[in-house]
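The structure appears right after this line, and notes come after that.
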Amino acid sequence: MSVLYQRLSSLSACISLTSWLCAQLPQVIENHHMKSAAGLSLSFLTVWLAGDLTNLIGCILTKQLLFQTLLACYYTVIDLILLSQYFYYTKYAPNYVHWSRVPYGSVPSLPSPTVLSPRPASFHKSTSVVSVIALSRSVSALAASHSSANSDPVQVLGTTIAWVCTALYLCSRIPQIIHNFKRKSTRGLSPLLFAAAMTGNFTYTLSILFSVPSMPQAERAPFLMRELPYLLGSAGTVGFDITILTQTWAYRNRPPLKSSEMSELLNE
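Read left to right, the sequence shown gives residues 980 to 1247 (this note's numbering).
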């Protein structure tokens, strides 16, 4: 039975990782296709970038493996691309926005992502399934708290980074939800971004929980305590992602924006 749980944990971790690698690309394509980023909340992008920067700093300070640092750089670069699109389309090229090119409520045909991992992830120096989870979104944070058990200052730093990442990722969705509510629209927002994030976070949570039954009884409680920020961060954001996807469905029949409304959105 423990072998079954290990395989389920490994499968969940792989799905989580794949989803997170693809999560933000649909939004980049959506922005380019619509020549606008008005559907995104600037606060959402900023807080998300802060979370990924915290992750990257954690990788560097705790001297994690090269692939961990490269993954952290990748996520930060994607965030910066989204922010660059936001400022370019809303501040420097507003005259090139053509909302009429895409019928309202339609979703461009994009490659389907297959998440995360949630944003916070874990790393263990073993060949267990948790080593696979290490590849996910915020791989450095938990790595810092686990791989340096003999160094209290570094362990404290790793734990602090983990909780900061969790707080940032949890808070990041709130501005976007408010932004959608005020506009009564999710136009310009790729639902694939949040569908992939939800998939990644959900499967990441499963990967942690599935790994518990294969552990000795005495190790389970300490393991879950160490994983608490990541469980909260991943499971908590699933609820926010579902809220945004629900908004997408609820606002799907909204009429096309008027010119005045579009200008107002671009100046938000």
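Even glycine gets a Cβ: it sits at the ideal position worked out from N, Cα and C.
8 angstroms CB neighbourhood of residue i in its chain, flanking five on each side removed
i       : result
Asp1220 : Arg1152, Phe1173, Ala1174, Ala1176, Met1177 and Asn1180
Ala1072 : Lys1014
Pick from the options that is closest to residue i, judged by C-alpha positions
i       : options                               : result
Ile1284 : Leu1062, Val1143 and Ala1214          : Nothing about residue 1284 can be reported from this structure: the residues present for the chain run from 980 to 1247 only.
Ala1141 : Asn1034, His1011 and Met1204          : Asn1034
Leu1059 : Ala1072, Val1191, Leu1004 and Lys1014 : Leu1004
Met1013 : Tyr1209, Thr1069 and Gly1212          : Thr1069
Tyr1230 : Phe1160, Glu1206, Gln1155 and Ser998  : Phe1160
Lys1163 : Leu1061, Leu1000, Arg1233 and Glu1009 : Arg1233
Asn1010 : Leu1000, Ile1057, Leu1045 and Cys1052 : Ile1057
Cys1150 : Cys1052, Leu1207, Ser1015 and Gly1218 : Gly1218
Trp999  : Pro1132, Tyr1053 and Pro1195          : Tyr1053
Close beta carbons around residue i, own chain, < 7 angstroms, minus the five adjacent residues each side
i       : result
Leu1040 : Leu1136
Phe1189 : Tyr984, Leu987, Ser988 and Ser991
Leu1210 : Thr1184 and Ile1187
Pro1208 : Pro1099, Ala1141, Trp1142 and Thr1145
Close beta carbons around residue i, own chain, < 6 angstroms, minus the five adjacent residues each side
i       : result
Leu1147 : Val1026, Ala1029 and Gly1030
His1158 : Ser1020
Pro1154 : Ser1020, Ser1022 and Phe1023
Thr1165 : Asn1159, Gln1226, Thr1227 and Tyr1230
Ala1214 : Thr1184
Arg1199 : Val1191
Sub-8 angstroms separation of residue i and residue j beta-carbons
i       : j       : result
Thr1182 : Ile994  : yes
Gly1212 : Thr1145 : yes
Thr1216 : Ile1156 : no
Val1007 : Leu1061 : yes
Leu1032 : Thr1055 : yes
Neighbour flag for residue i against chain D, beta carbons, 8 angstroms
i       : result
Thr1182 : Absent here is chain D; the protein component of the structure consists of one chain.
| Cβ pair count under 8 angstroms reaching 3, the region 1002-1021 against the region 1054-1073 | Yes, since at least three Cβ pairs between the region 1002-1021 and the region 1054-1073 fall closer than 8 angstroms, the two stretches touch.
| What runs of the alpha helix (DSSP H), each 4 residues or longer, lie entirely inside the region 1179-1240? | 1196-1229
| request: Would you list, in sequence order, the uninterrupted alpha helix (DSSP H) runs of no fewer than 4 residues that lie entirely inside the region 996-1025? | output: 1004-1013
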